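To keep things clear, I will list the structure first and then write my remarks on it.
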Amino acid sequence: MKTYREVLDFGKKELREGKVENSDLDAWLLLEFVCSISRAWYFAHEGEEVGEKQKKSYEALIKKRKQHIPLQQLTGEAYFFGYKFYVNEFVLAPRQDTEILVEEVLKESQGREGLRVLDMCTGSGCILISLLKNMKKAIGTGADLSCQALEVAEKNGTDLGVSPQWIHSNLFEHIQGTYDVIVSNPPYIPSQVIEGLMEEVRLYEPRMALDGHEDGLYFYREITRLAGEYLSPKGLLAFEIGYDQGKAVAGLMEEQGFERIRVVKDLAGLDRVVIGRKNQEEKYV
1 MKTYREVLDF
11 GKKELREGKV
21 ENSDLDAWLL
31 LEFVCSISRA
41 WYFAHEGEEV
51 GEKQKKSYEA
61 LIKKRKQHIP
71 LQQLTGEAYF
81 FGYKFYVNEF
91 VLAPRQDTEI
101 LVEEVLKESQ
111 GREGLRVLDM
121 CTGSGCILIS
131 LLKNMKKAIG
141 TGADLSCQAL
151 EVAEKNGTDL
161 GVSPQWIHSN
171 LFEHIQGTYD
181 VIVSNPPYIP
191 SQVIEGLMEE
201 VRLYEPRMAL
211 DGHEDGLYFY
221 REITRLAGEY
231 LSPKGLLAFE
241 IGYDQGKAVA
251 GLMEEQGFER
261 IRVVKDLAGL
271 DRVVIGRKNQ
281 EEKYV
(Lines of atoms letter the chains of each structure in order from A and count residues from 1; the text may use other names and numbers.)
(Lines give C-alpha, C1' and ligand atoms only; values in the text may rest on other atoms or scores of the structure.)
Protein backbone atom coordinates (compact mmCIF):
# COMPACT_ATOMS: atom_id res chain seq x y z
CA MET A 1 0.00 0.00 0.00
CA LYS A 2 1.15 3.52 -0.77
CA THR A 3 0.64 6.69 1.23
CA TYR A 4 -0.95 9.83 -0.18
CA ARG A 5 2.48 11.46 -0.29
CA GLU A 6 3.99 8.54 -2.20
CA VAL A 7 1.12 8.43 -4.67
CA LEU A 8 1.36 12.18 -5.30
CA ASP A 9 5.13 11.96 -5.74
CA PHE A 10 4.60 9.20 -8.30
CA GLY A 11 2.19 11.41 -10.22
CA LYS A 12 4.57 14.37 -10.21
CA LYS A 13 7.46 12.20 -11.41
CA GLU A 14 5.45 10.66 -14.25
CA LEU A 15 4.14 13.99 -15.53
CA ARG A 16 7.57 15.60 -15.33
CA GLU A 17 8.96 12.73 -17.41
CA GLY A 18 6.18 13.33 -19.92
CA LYS A 19 7.08 17.03 -20.09
CA VAL A 20 3.54 17.99 -19.12
CA GLU A 21 3.13 21.70 -18.50
CA ASN A 22 2.26 22.47 -14.86
CA SER A 23 3.07 18.85 -14.04
CA ASP A 24 3.10 19.17 -10.24
CA LEU A 25 -0.17 21.09 -10.17
CA ASP A 26 -1.89 18.62 -12.48
CA ALA A 27 -0.63 15.69 -10.39
CA TRP A 28 -2.23 17.29 -7.35
CA LEU A 29 -5.48 18.18 -9.14
CA LEU A 30 -5.92 14.59 -10.29
CA LEU A 31 -5.31 13.30 -6.76
CA GLU A 32 -7.81 15.82 -5.44
CA PHE A 33 -10.32 14.68 -8.07
CA VAL A 34 -9.88 10.94 -7.51
CA CYS A 35 -9.81 11.03 -3.71
CA SER A 36 -12.18 14.00 -3.15
CA ILE A 37 -9.74 15.67 -0.77
CA SER A 38 -8.64 19.23 -0.06
CA ARG A 39 -5.10 20.52 0.37
CA ALA A 40 -5.70 21.02 4.07
CA TRP A 41 -6.89 17.42 4.43
CA TYR A 42 -3.90 16.15 2.46
CA PHE A 43 -1.31 17.86 4.65
CA ALA A 44 -2.98 16.46 7.75
CA HIS A 45 -3.14 12.91 6.36
CA GLU A 46 -0.34 12.62 3.77
CA GLY A 47 1.25 9.70 5.64
CA GLU A 48 -1.92 7.61 5.56
CA GLU A 49 -2.47 4.85 3.01
CA VAL A 50 -4.50 5.36 -0.14
CA GLY A 51 -7.14 2.78 -0.98
CA GLU A 52 -6.10 0.37 -3.72
CA LYS A 53 -9.04 1.29 -5.95
CA GLN A 54 -8.27 5.00 -5.69
CA LYS A 55 -4.57 4.38 -6.32
CA LYS A 56 -5.31 2.45 -9.52
CA SER A 57 -7.75 5.12 -10.71
CA TYR A 58 -5.14 7.80 -10.06
CA GLU A 59 -2.39 5.90 -11.86
CA ALA A 60 -4.67 5.39 -14.88
CA LEU A 61 -5.41 9.12 -15.08
CA ILE A 62 -1.75 10.01 -14.66
CA LYS A 63 -0.92 7.69 -17.57
CA LYS A 64 -3.46 9.48 -19.77
CA ARG A 65 -2.30 12.93 -18.68
CA LYS A 66 1.28 11.88 -19.46
CA GLN A 67 0.02 11.30 -23.02
CA HIS A 68 -1.05 14.97 -22.97
CA ILE A 69 -4.78 14.31 -22.85
CA PRO A 70 -6.13 17.59 -21.38
CA LEU A 71 -6.76 17.61 -17.64
CA GLN A 72 -10.32 18.87 -18.10
CA GLN A 73 -11.18 15.96 -20.39
CA LEU A 74 -9.91 13.53 -17.76
CA THR A 75 -11.95 15.05 -14.95
CA GLY A 76 -14.90 16.07 -17.15
CA GLU A 77 -15.05 19.48 -15.52
CA ALA A 78 -13.71 23.00 -15.85
CA TYR A 79 -14.37 26.16 -13.88
CA PHE A 80 -15.36 29.38 -15.63
CA PHE A 81 -16.61 32.64 -14.14
CA GLY A 82 -17.07 30.87 -10.82
CA TYR A 83 -19.22 28.04 -12.21
CA LYS A 84 -18.37 24.39 -12.79
CA PHE A 85 -18.96 23.23 -16.37
CA TYR A 86 -19.02 19.75 -17.82
CA VAL A 87 -16.58 19.30 -20.72
CA ASN A 88 -15.53 16.45 -22.99
CA GLU A 89 -13.58 15.90 -26.20
CA PHE A 90 -16.24 17.64 -28.31
CA VAL A 91 -15.76 21.12 -26.80
CA LEU A 92 -12.89 23.40 -25.95
CA ALA A 93 -12.26 23.60 -22.23
CA PRO A 94 -13.18 27.12 -21.03
CA ARG A 95 -10.18 29.44 -20.70
CA GLN A 96 -9.74 32.07 -18.02
CA ASP A 97 -8.97 34.71 -20.67
CA THR A 98 -12.48 34.25 -22.06
CA GLU A 99 -13.91 35.58 -18.80
CA ILE A 100 -12.87 39.04 -20.04
CA LEU A 101 -15.42 38.71 -22.85
CA VAL A 102 -18.18 37.99 -20.33
CA GLU A 103 -17.06 40.86 -18.10
CA GLU A 104 -17.08 43.37 -20.96
CA VAL A 105 -20.54 42.35 -22.14
CA LEU A 106 -21.88 42.66 -18.59
CA LYS A 107 -20.35 46.15 -18.31
CA GLU A 108 -21.99 47.21 -21.56
CA SER A 109 -25.37 45.77 -20.55
CA GLN A 110 -25.46 48.11 -17.53
CA GLY A 111 -27.91 45.97 -15.61
CA ARG A 112 -30.69 46.24 -18.20
CA GLU A 113 -33.47 43.68 -17.91
CA GLY A 114 -34.77 41.28 -20.53
CA LEU A 115 -31.87 41.48 -22.97
CA ARG A 116 -31.89 38.99 -25.84
CA VAL A 117 -28.47 37.36 -26.17
CA LEU A 118 -27.12 35.20 -29.01
CA ASP A 119 -23.92 33.22 -28.47
CA MET A 120 -22.53 32.17 -31.84
CA CYS A 121 -20.21 29.12 -31.80
CA THR A 122 -21.37 28.40 -28.26
CA GLY A 123 -19.35 25.22 -27.63
CA SER A 124 -19.74 24.24 -23.97
CA GLY A 125 -22.15 27.13 -23.47
CA CYS A 126 -19.94 28.69 -20.80
CA ILE A 127 -20.14 32.23 -22.20
CA LEU A 128 -23.91 32.31 -22.67
CA ILE A 129 -24.68 30.55 -19.40
CA SER A 130 -22.39 32.87 -17.43
CA LEU A 131 -24.06 35.88 -19.01
CA LEU A 132 -27.56 34.61 -18.25
CA LYS A 133 -26.58 33.86 -14.65
CA ASN A 134 -25.50 37.49 -14.23
CA MET A 135 -28.16 39.35 -16.22
CA LYS A 136 -31.68 40.20 -15.15
CA LYS A 137 -34.36 38.20 -16.98
CA ALA A 138 -32.19 37.80 -20.07
CA ILE A 139 -33.27 35.48 -22.88
CA GLY A 140 -30.50 33.44 -24.46
CA THR A 141 -29.82 31.48 -27.64
CA GLY A 142 -26.72 29.39 -28.23
CA ALA A 143 -25.82 28.27 -31.76
CA ASP A 144 -23.22 25.77 -32.92
CA LEU A 145 -22.53 23.57 -35.93
CA SER A 146 -21.57 20.65 -33.67
CA CYS A 147 -24.48 18.57 -32.36
CA GLN A 148 -22.15 17.00 -29.78
CA ALA A 149 -21.16 20.44 -28.49
CA LEU A 150 -24.82 21.43 -28.18
CA GLU A 151 -25.45 18.34 -26.05
CA VAL A 152 -22.70 19.49 -23.70
CA ALA A 153 -24.08 23.03 -23.62
CA GLU A 154 -27.60 21.80 -22.88
CA LYS A 155 -26.33 19.68 -19.99
CA ASN A 156 -24.45 22.66 -18.58
CA GLY A 157 -27.51 24.86 -18.84
CA THR A 158 -29.60 22.28 -17.00
CA ASP A 159 -26.94 21.76 -14.33
CA LEU A 160 -26.62 25.49 -13.72
CA GLY A 161 -30.31 26.30 -13.77
CA VAL A 162 -30.72 28.28 -16.98
CA SER A 163 -32.78 27.35 -20.04
CA PRO A 164 -31.57 29.06 -23.20
CA GLN A 165 -32.56 27.86 -26.64
CA TRP A 166 -29.89 25.70 -28.26
CA ILE A 167 -29.85 25.75 -32.07
CA HIS A 168 -27.92 23.58 -34.52
CA SER A 169 -26.85 26.15 -37.07
CA ASN A 170 -24.03 26.98 -39.46
CA LEU A 171 -23.54 30.52 -38.18
CA PHE A 172 -26.80 32.43 -38.86
CA GLU A 173 -28.34 29.76 -41.12
CA HIS A 174 -31.15 28.84 -38.70
CA ILE A 175 -31.23 32.00 -36.58
CA GLN A 176 -34.43 34.04 -36.50
CA GLY A 177 -35.39 37.31 -34.85
CA THR A 178 -33.20 40.05 -33.45
CA TYR A 179 -30.92 40.28 -30.45
CA ASP A 180 -29.60 43.00 -28.19
CA VAL A 181 -26.26 41.22 -27.83
CA ILE A 182 -24.37 38.91 -30.17
CA VAL A 183 -21.30 37.41 -28.57
CA SER A 184 -18.86 34.92 -30.04
CA ASN A 185 -15.59 33.14 -29.37
CA PRO A 186 -15.26 31.60 -32.83
CA PRO A 187 -12.45 29.45 -34.22
CA TYR A 188 -9.63 31.93 -34.86
CA ILE A 189 -6.37 30.02 -35.25
CA PRO A 190 -4.96 30.11 -38.82
CA SER A 191 -5.04 26.61 -40.32
CA GLN A 192 -1.28 26.43 -40.87
CA VAL A 193 -0.57 27.33 -37.22
CA ILE A 194 -2.55 24.45 -35.70
CA GLU A 195 0.13 21.82 -36.33
CA GLY A 196 2.53 23.82 -34.18
CA LEU A 197 0.25 24.03 -31.14
CA MET A 198 0.90 22.14 -27.91
CA GLU A 199 -0.14 18.49 -28.00
CA GLU A 200 -3.06 18.97 -25.60
CA VAL A 201 -4.69 21.32 -28.11
CA ARG A 202 -3.46 19.89 -31.42
CA LEU A 203 -4.24 16.24 -30.72
CA TYR A 204 -7.17 16.25 -28.34
CA GLU A 205 -9.32 19.35 -28.78
CA PRO A 206 -11.88 19.56 -31.61
CA ARG A 207 -10.26 21.03 -34.71
CA MET A 208 -13.51 22.58 -35.89
CA ALA A 209 -13.49 24.70 -32.73
CA LEU A 210 -9.94 25.91 -33.47
CA ASP A 211 -9.58 26.33 -37.23
CA GLY A 212 -10.21 29.89 -38.41
CA HIS A 213 -9.23 29.00 -42.00
CA GLU A 214 -6.29 30.50 -43.87
CA ASP A 215 -5.78 33.75 -41.95
CA GLY A 216 -7.83 32.99 -38.84
CA LEU A 217 -10.37 35.71 -39.67
CA TYR A 218 -12.97 33.75 -41.64
CA PHE A 219 -15.59 33.58 -38.90
CA TYR A 220 -15.11 37.21 -37.89
CA ARG A 221 -15.78 38.25 -41.48
CA GLU A 222 -18.89 36.12 -41.79
CA ILE A 223 -20.36 37.00 -38.40
CA THR A 224 -19.61 40.72 -38.73
CA ARG A 225 -21.03 40.82 -42.26
CA LEU A 226 -24.37 39.38 -41.16
CA ALA A 227 -24.66 40.52 -37.54
CA GLY A 228 -26.33 43.83 -38.38
CA GLU A 229 -29.37 41.99 -39.73
CA TYR A 230 -29.86 40.25 -36.38
CA LEU A 231 -29.04 43.08 -33.98
CA SER A 232 -31.56 45.48 -32.49
CA PRO A 233 -30.87 49.23 -32.84
CA LYS A 234 -27.57 50.03 -31.09
CA GLY A 235 -27.16 46.30 -30.42
CA LEU A 236 -23.83 45.01 -29.14
CA LEU A 237 -21.39 42.75 -31.01
CA ALA A 238 -18.53 41.28 -28.94
CA PHE A 239 -15.77 38.85 -29.94
CA GLU A 240 -12.92 37.05 -28.27
CA ILE A 241 -9.90 37.33 -30.55
CA GLY A 242 -6.36 36.05 -30.90
CA TYR A 243 -3.54 38.14 -29.44
CA ASP A 244 -2.61 39.63 -32.85
CA GLN A 245 -6.09 40.09 -34.32
CA GLY A 246 -7.36 43.23 -32.57
CA LYS A 247 -6.68 45.69 -35.37
CA ALA A 248 -7.97 43.36 -38.08
CA VAL A 249 -11.24 42.48 -36.34
CA ALA A 250 -11.87 46.09 -35.32
CA GLY A 251 -11.35 46.99 -38.99
CA LEU A 252 -13.90 44.41 -40.11
CA MET A 253 -16.45 45.85 -37.70
CA GLU A 254 -15.72 49.38 -38.86
CA GLU A 255 -16.20 48.34 -42.49
CA GLN A 256 -19.67 47.07 -41.60
CA GLY A 257 -20.63 50.34 -39.93
CA PHE A 258 -20.24 49.45 -36.27
CA GLU A 259 -19.43 52.30 -33.91
CA ARG A 260 -17.85 52.77 -30.47
CA ILE A 261 -15.46 49.95 -31.32
CA ARG A 262 -12.81 49.18 -28.75
CA VAL A 263 -10.15 46.53 -28.21
CA VAL A 264 -9.75 45.16 -24.68
CA LYS A 265 -6.52 43.59 -23.44
CA ASP A 266 -6.17 40.59 -21.15
CA LEU A 267 -4.15 40.39 -17.94
CA ALA A 268 -1.00 39.69 -19.96
CA GLY A 269 -1.48 42.93 -21.90
CA LEU A 270 -2.50 41.14 -25.11
CA ASP A 271 -5.52 41.99 -27.26
CA ARG A 272 -8.34 39.66 -26.20
CA VAL A 273 -11.76 41.21 -26.94
CA VAL A 274 -13.20 43.48 -29.63
CA ILE A 275 -16.55 45.06 -28.92
CA GLY A 276 -18.76 47.56 -30.75
CA ARG A 277 -22.33 48.69 -31.36
CA LYS A 278 -24.56 48.69 -34.39
CA ASN A 279 -24.89 52.11 -36.02
CA GLN A 280 -28.54 52.39 -36.92
CA GLU A 281 -27.81 54.90 -39.67
CA GLU A 282 -25.58 52.50 -41.58
CA LYS A 283 -26.79 50.08 -44.21
CA TYR A 284 -25.55 46.56 -43.53
CA VAL A 285 -24.67 44.33 -46.46
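If you count the sequence shown from 1, position 203 lands on 203 in the UniProt record's numbering, and the numbers rise without skipping. Glycine included, each C-beta is placed from N, C-alpha and C at the ideal position. Everything numeric in this text was worked out from a predicted model, so none of it was measured.
Boundaries of the beta strand (DSSP E) in which residue 289 is found, first to last residue: Residue 289 is absent from the model: the chain starts at 1 and stops at 285.
LYS234 - DSSP class collapsed to helix/strand/coil: Within the sequence shown, the letter at position 234 stands for residue 234. If DSSP states are grouped into helix, strand and coil, LYS234 belongs with the strands.
Rounded separation between THR178 and THR98 - CA only: Walking along the sequence shown from the start, residue 178 turns up at place 178. Walking along the sequence shown from the start, residue 98 turns up at place 98. THR178 and THR98: Cα-Cα distance of roughly 24 Å.
Three or more C-beta pairs below 8 Å linking the segment 188-198 and the segment 115-123: no
Beta strand (DSSP E) segment containing MET1, residue limits: As a working mapping, residue 1 is identified with position 1 in the sequence shown. First-last for MET1: undefined, no H or E at that position.
Chain-order list of residues whose beta-carbon lies under 8 Å from that of HIS68 (same chain, five-residue window excluded): Residue mapping note: residue 68 aligns to position 68 of the sequence shown, counting from 1. So the qualifying residues of the chain are GLY18, VAL20, MET198, GLU199, GLU200, LEU203, TYR204.
Ordered list of alpha helix (DSSP H) runs contained in the UniProt domain "Methyltransferase small" (98-189), each at least 4 residues: Qualifying alpha helix (DSSP H) stretches, in chain order: 99-109, 126-134, 147-159.
Sequence-distant residues of the same chain with beta carbon closer than 6 Å to GLU14, five excluded per side: As a position in the sequence shown, residue 14 is number 14, starting the count at 1. Counting only Cβ-Cβ distances below 6 Å, and skipping sequence neighbours, we find ILE62, LYS66.
One or two residues paired with VAL34 in a DSSP bridge: Along the sequence shown, read from residue 1 onward, the residue named residue 34 stands at position 34. In DSSP, VAL34 forms no bridge with anything.
Residues bridged to PHE80 (per DSSP): As a first step, residue 80 must be located in the sequence shown, where it is residue number 80. Paired residue(s): TYR83.
Length of the line joining the Cα atoms of ASP24 and ASN170: Residue mapping note: residue 24 aligns to position 24 of the sequence shown, counting from 1. Residue mapping note: residue 170 aligns to position 170 of the sequence shown, counting from 1. Roughly 41 Å between the two C-alpha positions.
Classification of TYR60 by the beta-carbon crowding that lies within 10 angstroms, buried from 16 upward: Taking the first residue of the sequence shown as position 1, residue 60 is located at position 60. The question names Tyr, yet the displayed sequence has Ala at residue 60. Exposed, since its Cβ has fewer than 16 Cβ neighbours within 10 Å.
Helix, strand or coil at TYR284 [DSSP, three-state]: As a position in the sequence shown, residue 284 is number 284, starting the count at 1. Because TYR284 carries a pLDDT of 45, less than 50, the predicted location of this residue cannot be relied on, and no value is offered for it.
DSSP three-state assignment for ARG225, whether helix, strand or coil: Within the sequence shown, residue 225 is the residue found at index 225, counting from 1. Helix at ARG225.
Nearest neighbour of residue 311, chosen from GLY257, ILE139, ARG221 [CA to CA]: An answer regarding residue 311 cannot be provided, because it is not within the stretch 1 to 285 covered by the chain.
Option in LEU74, PHE80, LYS84 with minimal Cα separation from PHE90: Position 90 of the sequence shown, counted from the start, is the residue given in the question as residue 90. PHE90 has its Cα closest to that of LEU74, out of LEU74, PHE80, LYS84.
Cα-Cα separation, LYS278 to VAL181: Position 278 of the sequence shown holds residue 278. Position 181 of the sequence shown holds residue 181. Going from the Cα of LYS278 to the Cα of VAL181 covers about 10 Å.
Bridge-paired residues (DSSP) for GLY257: The sequence position of residue 257 within the sequence shown is 257, counting from 1. Looking at the DSSP assignment, GLY257 forms no beta bridge with any residue, so it has no partner.
Whole-angstrom distance between ASP9 and CYS35, CA atom to CA atom: The sequence position of residue 35 within the sequence shown is 35, counting from 1. The sequence position of residue 9 within the sequence shown is 9, counting from 1. Distance between the alpha carbons of CYS35 and ASP9 is about 15 Å.
Pairwise C-alpha distance: GLY47 and GLU6: If you number the sequence shown from 1, residue 6 lands on position 6. If you number the sequence shown from 1, residue 47 lands on position 47. Taking the straight line from one Cα to the other gives about 8 Å.
Separation of ILE175 from LYS155, as counted between CA atoms: As a working mapping, residue 155 is identified with position 155 in the sequence shown. As a working mapping, residue 175 is identified with position 175 in the sequence shown. Those two C-alpha atoms are separated by around 21 Å.
Residues near LEU30 in its chain [Cβ-Cβ closer than 8 Å; skip 5 each side]: Locating residue 30 in the sequence shown gives position 30, where the first residue counts as 1. GLY11, TYR58, LEU61, ILE62, ARG65, LEU71, LEU74, THR75, listed in sequence order.
Residues that DSSP places opposite GLY276 in a beta bridge: Mapped onto the sequence shown, residue 276 falls at position 276. DSSP output for GLY276 lists LEU237 as bridge partner(s).
Member of LYS137, LYS133, PHE219, GLU108 whose CA lies at the smallest distance from the CA of VAL264: Here residue 264 refers to the residue found at position 264 of the sequence shown. Selection LYS137, LYS133, PHE219, GLU108 evaluated against VAL264 yields GLU108 as nearest (Cα-Cα).
Reduced DSSP secondary structure (H/G/I, E/B, other) of LYS19: Position 19 of the sequence shown, counted from the first residue, corresponds to residue 19. Coil at LYS19, not helix or strand.
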